[in-house]
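Novice:
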Ligand SMILES: [Zn+2]
Ligand SMILES: [Zn+2]
C-alpha cells in the first residue's frame, strides 16, 4: 500500500496551494493508495480532506505537523483542533502517548548542522528514544539529508517513513511510505507504523506509480 504521509493543503496551510479535491484526484491518478494531510499546528485541512475522501472513496488520514524545540513532529492519532505555535516536545509526547498516537520527527536532518550537533547528544538521544519512527524520505530535503536521517533511524532501530511534504500539486507523492499491509483506518496506520511494517521510498523507486505530467 503506497501512502504519502505528509501533505499540506491550502485549507489551513497558507503556504500550500493544494485544494483537497485536487489532492485526491492527483493521488488517485498517480496510483497512490492513500494520503495523509498534516497541516502546520492545526487540523482543519485534514478534516476537510478526510471528509472529502470518505465521500469519494479515497482514503485520507488525518495528522498534524507540530513545531517543537526539537524540530517539526508529524503526529497521528491525536485530535487537537489547534496547537500553539511552539509546543514543548515533552508536552506533545505526553499527549500523543495518552491518545495512543504516534510521533515522528519530520525532515530531521534538513538543516546544515548535523542532527546530534544541532540538538546536542543528550537531547538527540532523548528524542530518538521516545519517537515511533523517523521521516527518512522527505520531498523537501536533499537526498544527502534523507540518507543521514535513514542512518539515524537504523542506528536507533526505528522505522523509516516517507512523505512528500507537498505544498504544490506537482510535489504530491515524490516521497512516500510503502506499507506491507492494507490500511483502512488511522488506527491501522498507527499500528503498522509502530510495528515497523513499512519503508520509505522515492516515487521513482516505485515502478507502479504513474509519473504524471503534473508531478514531474
Ligand atoms: Zn516541516
Ligand atoms: Zn510539512
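In the numbering used here, the protein residues as written are 1 to 216. Heads up, the beta-carbon is just placed ideally off N, CA and C, and yes, glycines get one too. Quantities reported herein were computed from a predicted structural model and do not represent experimental measurements.
(1) Suppose only complete runs of 4+ residues qualify. What are the alpha helix (DSSP H) ranges in the region 130-216, listed by chain order?
(2) If residue 40 sits next to residue 164, beta carbons under 8 Å apart, how far is it from one beta carbon to the other, in whole angstroms?
(3) Counting by C-beta, which residues lie closer than 5 Å to a heavy atom of ligand 2, in chain order?
(4) Determine whether the beta carbon atoms of residue 101 and residue 190 lie at a separation below 8 Å.
(5) By DSSP's criteria, residue 73 is part of a beta bridge. Which residues make up the other side?
(6) Buried or exposed: where does residue 12 fall if 16 or more other Cβ atoms within 10 Å of its Cβ makes it buried?
(7) Around the Cβ of residue 85, are there at least 16 other Cβ atoms within 10 angstroms (buried) or fewer (exposed)?
(8) Could you pull the start and end residues of the alpha helix (DSSP H) that residue 49 belongs to?
(9) Counting by C-beta, which residues lie closer than 5 Å to a heavy atom of ligand 1, in chain order?
(10) Pull up the distance between the alpha-carbon of residue 162 and that of residue 37, whole angstroms please.
(11) Can you tell me which of 119, 59, 172 and 76 puts its alpha carbon nearest to the alpha carbon of residue 16?
(12) Determine the closest residue to residue 105 out of 137, 98, 80 and 122, with distance taken between C-alpha atoms.
Specialist: According to the structure shown:
(1) 143-155 and 186-195
(2) As a position in the chain shown, residue 40 is number 40, starting the count at 1. As a position in the chain shown, residue 164 is number 164, starting the count at 1. Cβ atoms of residue 40 and residue 164 stay farther apart than 8 Å, at about 15 Å.
(3) That gives 65 and 165.
(4) Along the chain shown, read from residue 1 onward, the residue named residue 101 stands at position 101. Along the chain shown, read from residue 1 onward, the residue named residue 190 stands at position 190. In this structure, residue 190 lies closer than 8 Å to residue 101 by Cβ.
(5) To locate residue 73, count along the chain shown from 1; it is residue 73. DSSP lists 66 and 105 as partners of residue 73.
(6) Stepping through the chain shown from its first residue, residue 12 is reached at position 12. Per the 10 Å Cβ criterion, buried.
(7) What you label residue 85 is simply residue 85 of the chain shown in a count that begins at 1. The residue in question, residue 85, is exposed, as its Cβ has fewer than 16 Cβ neighbours within 10 Å.
(8) As a first step, residue 49 must be located in the chain shown, where it is residue number 49. Segment 44-56, the alpha helix (DSSP H) holding residue 49.
(9) Chain-ordered list of matching residues: 72 and 106.
(10) Reading the chain shown from its first residue, position 162 is the one you call residue 162. Reading the chain shown from its first residue, position 37 is the one you call residue 37. If I take the Cα positions, the gap works out to 13 Å.
(11) For the purposes of this step, residue 16 is taken as the residue at position 16 of the chain shown. Checked all of 119, 59, 172 and 76; the closest Cα to residue 16 is 172.
(12) Mapped onto the chain shown, residue 105 falls at position 105. Each of 137, 98, 80 and 122 was checked against the Cα of residue 105, and the nearest Cα belongs to 137.
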